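Let me begin by presenting the structure, written as structure tokens, before commenting on it.
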Amino acid sequence: GQVVSEPVETEYGYHIIKLEKITPESQKSFQEARSEIISVLTDESNQLKLNAFIEEARKKAQIVNYLVKPEVSKKNETTTK
124 GQVVSEPVET
134 EYGYHIIKLE
144 KITPESQKSF
154 QEARSEIISV
164 LTDESNQLKL
174 NAFIEEARKK
184 AQIVNYLVKP
194 EVSKKNETTT
204 K
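With positions in the sequence shown counted from 1, the corresponding number in the numbering used here is that position plus 123.
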């Protein structure tokens, strides 16, 4: 139930901290952490593969703008003056 004597400033603003309970430090065994480790490494691998795919697709992409034709925009410039 202890409260800090002064507010704590973070990048999100000022905070008043109240201690509710103390939990003893513990460490998971490898077997307990195994599925979490596999999940994190799989996610990282998939993200790297996705980034490489997107980068390769961007290099191969040809972007064509069909919305404005050059001759139409030149005609509009001369008639609006």
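Beta carbons are placed, not taken as given, at the ideal position from N, Cα and C, and that holds for glycine.
Only a predicted model underlies this, so the values are computations on that prediction, with no experimental measurement involved.
For residue j and residue i, the rounded distance between their alpha carbons
i	j	result
V109	I139	Because the chain is modelled from 124 through 204, residue 109 falls outside the range shown and cannot be assessed.
K172	V191	36 Å
G211	E148	This structure gives no information on residue 211, because the portion of the chain shown stretches from 124 to 204.
K151	E167	22 Å
I160	Q170	15 Å
K183	N174	14 Å
V126	S162	38 Å
E143	E134	23 Å
R181	S158	34 Å
A156	T146	19 Å
Q185	I177	14 Å
E179	G124	56 Å
Bridge partner(s) assigned by DSSP for residue i
i	result
V126	K141
V131	H138
Residue i, enclosing alpha helix (DSSP H) - first and last residue
i	result
Q154	F153 to K183
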